[in-house]
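Q: In the working numbering, the protein residues as written are 15 to 299.
Note that CB positions come from ideal geometry on N, CA and C, so glycine has one too.
Remember, it's a predicted structure, so these values are computed and weren't measured experimentally.
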Ligand code: AMP
Ligand code: MN
Ligand code: MN
Ligand code: MN
C-alpha cells in the first residue's frame, strides 16, 4: 500500500456534527477519487456499520473510525481511532461515558448565550442535531449562523463558544491513556488528530507526544484539512522524531462549511510510514 494512496481517514456524518449521512459521504468520497475511507464521528461509533456497508456498495475500501475527545494539560485534544472492532463493548462504554456530559454542557452554553441576549440557543441547536447523544458546539454554531448572529461558523468560533467568549463551558473529556487503551484493546490504532490545532508550547507538545507513545499510540495526522502546508512539514518531522506512522484526512463536516472536501488533500510525504501500512489486515473490501 503506497504512501501516495488517496486515503481520507477523517470526516464526520450526522451521527456527530457533520451534515451528510454515512451513505452520502461514501458516495461523495468515491466520486472524489478516495481510495481508502474512514468515517470518524466524535465520541460515537453507531454509524460504523452503515458506513462500512455503504463503502462496500461503492467498492470503496473502508477502515472503522472514531474521534475521541480527551482532556490533556487542560486542553481538549482529539484522538482518532482506526481499524477497531465496531462491536467492542469496552470501546462503546468508554465513548458513551465520554459523550455523557454533552446535554448538561449544552444547557449551560445556552444559559451563557442568553446572558448576552441570544435566546433559545439550546432548542435552536437541537434543530441541527442528528443524534441527540451528540450535541456539540458545531450545532450551536449552525444556529448562530441561521439566526444571523454571525455570518459563518469561523466567525462564531471567533466571537463565541471558545475560551474566554460567551457560550464557552469548561468540560472534562476522557483521559488520554483511556482513549488510547479503548482503541488499542478493540484492535485498532490510535492517532493524534490535527496536532497544530492545540496551540501547545513546545514542552506541552513534547509531553503529549511522549505520553501518547507511552500509552501505546501509534500515529499522528500530518496532512489534514486543519493544517497549513508549513504544518505538514513540521508534523512530518514530529512523526519521524517520535517513530509514529502518519495519517491523512480532510476532517470534512459539510459541503457548506468545510473548505477541504473529501479526498482533496496533498499526498503524504513519501518518507513517512502511512498508517494504512500498519492496518492492511483491518481494511474492509
Ligand atoms: P465540541 O466537541 O462540542 O467541543 O465541538 C467541537 C467541534 O466544533 C469541532 O469538532 C469542530 O467541528 C468545531 N469547531 C471547533 N473550533 C472550530 C473553529 N475554530 N472553526 C470551525 N469549527 C470549529
Ligand atoms: Mn467536529
Ligand atoms: Mn477534531
Ligand atoms: Mn474531526
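Just verifying my parser: in three-state terms, what is the DSSP assignment at residue 51?
A: In the chain shown, residue 51 corresponds to position 37, counting from 1. Three-state result, residue 51: strand.
Q: For ligand 1, enumerate in chain order all residues having a CB closer than 6 angstroms to any of its heavy atoms.
A: 31, 56, 83, 150, 151, 152, 167, 168, 171, 267
Q: Can you tell me which of 25, 252, 204 puts its alpha carbon nearest to the alpha carbon of residue 285?
A: Position 271 of the chain shown, counted from the first residue, corresponds to residue 285. Minimum Cα distance to residue 285 is reached at 252.
Q: Between which two residues does the beta strand (DSSP E) harbouring residue 261 extend?
A: Numbered from its first residue, the chain shown carries residue 261 at position 247. Looking at the DSSP string, the run of the beta strand (DSSP E) that includes residue 261 is 259-263.
Q: Under the rule that 16 or more other beta-carbon atoms within 10 Å means buried, what is residue 91, buried or exposed?
A: For this step, residue 91 is matched to residue 77 along the chain shown. Under this definition residue 91 is a buried residue.
Q: Considering only residues of the region 139-205, which uninterrupted beta strand (DSSP E) runs meet the minimum length of 3 residues and lie entirely inside it, listed in chain order?
A: Qualifying beta strand (DSSP E) stretches: none in this window.
Q: Could you check the C-alpha separation between residue 258 and residue 203 for me, to the nearest Å?
A: Along the chain shown, read from residue 1 onward, the residue named residue 258 stands at position 244. Along the chain shown, read from residue 1 onward, the residue named residue 203 stands at position 189. Using only the alpha carbons, I get a separation of about 11 angstroms.
Q: In the DSSP assignment, the alpha helix (DSSP H) including residue 112 goes from what residue to what residue?
A: By one-based count along the chain shown, residue 112 stands at place 98. It spans 103-113 - the alpha helix (DSSP H) in which residue 112 sits, taken as one unbroken run.
Q: Using 7 angstroms as the cut-off, classify the Cβ of residue 185 as near or not near the heavy atoms of ligand 4, replying yes or no.
A: Sequence index remark: in the chain shown, residue 185 carries index 171 (1-based). Incorrect: residue 185 has no Cβ contact closer than 7 angstroms to ligand 4.
Q: Taking 7 angstroms as the cut-off, does the CB of residue 54 come closer than this to any heavy atom belonging to ligand 4?
A: Mapped onto the chain shown, residue 54 falls at position 40. Yes, the beta carbon of residue 54 sits closer than 7 angstroms to at least one heavy atom of ligand 4.
Q: With a Cβ-Cβ cutoff of 8 angstroms, do residue 293 and residue 262 count as a contact?
A: Your numbering for residue 293 matches position 279 in the chain shown. Your numbering for residue 262 matches position 248 in the chain shown. Result no, Cβ atoms of residue 293 and residue 262 do not sit closer than 8 angstroms.
Q: For residue 99 and residue 19, I'd like the C-alpha separation in whole angstroms.
A: Taking the chain shown and counting its residues from 1, the one referred to as residue 99 is at position 85. Taking the chain shown and counting its residues from 1, the one referred to as residue 19 is at position 5. The alpha-carbon atoms of residue 99 and residue 19 are separated by roughly 23 angstroms.
Q: Quick one: give me the first and last residue of the beta strand (DSSP E) that residue 85 is part of.
A: By 1-based counting over the chain shown, the position of residue 85 is 71. Run containing residue 85: 79-86, per the beta strand (DSSP E) assignment.
Q: Residue 200 to residue 167, Cα distance in whole Å?
A: Position 186 of the chain shown, counted from the start, is the residue given in the question as residue 200. Position 153 of the chain shown, counted from the start, is the residue given in the question as residue 167. In a straight line, the C-alpha of residue 200 is about 35 angstroms away from that of residue 167.
Q: Suppose contacts are defined by Cβ-Cβ distances below 8 angstroms. Is residue 82 in contact with residue 193 by that definition?
A: Locating residue 82 in the chain shown gives position 68, where the first residue counts as 1. Locating residue 193 in the chain shown gives position 179, where the first residue counts as 1. Contact: yes.
Q: Within 10 angstroms of its Cβ, does residue 224 collect 16 or more other Cβ (buried), or is it exposed?
A: The sequence position of residue 224 within the chain shown is 210, counting from 1. A residue is called buried when at least 16 other Cβ atoms come within 10 angstroms of its Cβ; residue 224 does not meet this threshold and is exposed.
Q: Please go through the same chain and pick out, in chain order, the residues whose beta-carbon is closer than 6 angstroms to the beta-carbon of residue 26, but skip the five residues on each side of it.
A: Here residue 26 corresponds to residue number 12 of the chain shown, with the count starting at 1. These residues qualify, in order along the chain: 32, 55, 267.
Q: With distances taken from CA atoms, which of 208, 245, 244 is nearest residue 23?
A: For the purposes of this step, residue 23 is taken as the residue at position 9 of the chain shown. For the residues 208, 245, 244, the minimum Cα distance to residue 23 belongs to 208.
Q: Would you say residue 301 touches ligand 3, meaning its beta carbon is less than 7 angstroms from a heavy atom?
A: The shown model of the chain, from 15 to 299, leaves out residue 301, and the question about it has no answer.
Q: Is it buried or exposed, residue 151, if we count other Cβ atoms within 10 angstroms and call 16 or more buried?
A: Position 137 of the chain shown, counted from the start, is the residue given in the question as residue 151. Under this definition residue 151 is a buried residue.
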